[in-house]
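In the numbering used here, the protein residues as written are 46 to 317.
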């Protein structure tokens with residue numbers, strides 16, 4: 046705004062808000078922009094929750110994917126929720142947990158990274174980006190204790206190391222780098238079991254996309270909270286790849302074709 050002078054001189058957008066605009070930071074300790082205050086008993090169960098997302102390393106970088114279903118208890122809250130968000134040109138966040146806080150955290154992280162690059166004149170290192178997300182999850186801990194849990198995956202291409210990297214998080218903000226693949230959300234157990242059979246070191250991009258489709262199909266088959274591919278409505282998972290050239294989204298047409306092949310293969314095995 047005209048004439049505004051900040052007392053904060055660092056490069057963190059989150060700290061800028063905390064110092065100069067504390068009313069924009071959640072009173073409950075959540076990420077900036079999230080509604081503060083207590084959650085009424087039982088209310089957390091009626092908040093839309095995102096379910097299954099996964100990430101894996103592949104030959105040129107990483108792949109991140111998520112189903113589209115959001116649930117409230119046993120009710121469908123949304124059939125086409127986006128759960129994978131580019132946070133800059135070389136990193137992605139996949140959300141699982143309370144949908145509202147998850148989406149807001151992804152948006153704030155993107156602003157945080159853009160702000161850092163404008164102030165410093167260079168993008169933050171990939172591991173620094175993962176640390177930023179860890180701090181935001183830690184700030185959300187009081188809200189998480191009331192049911193507004195955020196447990197994302199973060200992945201991207203490390204331009205200094207020239208490789209893809211990915212991290213999982215716990216509710217306290219603890220971050221853990223994974224060397225192969227990971228999944229989180231209600232169907233994560235089944236997605237990981239599927240990836241265990243199909244993932245291999247140096248997996249090519251096309252094979253990785255098929256493995257992601259199979260893993261989400263397997264998760265939807267076993268977990269009622271995970272949305273399968275909705276052919277009738279034309280709703281397909283969000284699948285992104287990230288490499289040295291940046292982020293690319295896998296087209297619906299490619300996902301639909303892979304889904305058809307997966308079903309055909311399983312049908313032929315069943316009739317053999």
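For each residue, glycine too, the CB sits at the ideal point set by N, CA and C.
Contacting residues, own chain, Cβ-Cβ under 7 Å from residue i (five flanking each side not counted)
i           : result
residue 213 : 198, 221, 223, 227, 229
residue 308 : none
residue 233 : 97
residue 139 : 98, 100, 109, 111, 128, 129, 197, 198
Reference residue i; option with closest CA among the options
i           : options            : result
residue 172 : 160, 205, 106      : 205
residue 156 : 210, 295, 133, 147 : 133
residue 98  : 130, 92, 169       : 130
residue 143 : 135, 256, 122, 136 : 122
residue 297 : 194, 193, 279, 189 : 279
residue 348 : 281, 161, 159      : In the structure as shown, the chain starts at 46 and stops at 317, and residue 348 therefore has no counterpart that could be examined.
residue 195 : 299, 120, 92       : 92
Same chain, Cβ closer than 6 Å to residue i, neighbours up to 5 away in sequence not counted
i           : result
residue 209 : 102, 106, 107, 202
residue 164 : 56
residue 264 : 97, 232, 235, 236, 271
residue 179 : 218, 220
Cβ-based burial, residue i [other Cβ within 10 Å; buried from 16]
i           : result
residue 266 : exposed
residue 251 : exposed
residue 207 : exposed
residue 146 : buried
CA-to-CA distance, residue j to residue i, given in whole angstroms
i           : j           : result
residue 125 : residue 148 : 14 Å
residue 166 : residue 111 : 32 Å
residue 277 : residue 301 : 12 Å
residue 184 : residue 292 : 28 Å
residue 244 : residue 104 : 11 Å
residue 161 : residue 193 : 27 Å
residue 119 : residue 190 : 22 Å
Close Cβ partners of residue i (< 8 Å) along its chain, the five nearest in sequence each way excluded
i           : result
residue 283 : 110, 111, 113, 127, 128, 129, 294
residue 312 : none
residue 186 : 74, 216, 217, 218
Can you list, in chain order, the stretches of the beta strand (DSSP E) that have 3 or more residues and sit fully within the segment 184-216? Counting only runs of 3+ residues, the beta strand (DSSP E) found wholly inside the segment 184-216 occupies 198-203, 208-214, in chain order.
3-residue-minimum beta strand (DSSP E) runs that sit fully inside the segment 107-191, ordered along the chain: 107-111, 115-117, 120-123, 129-133, 136-139
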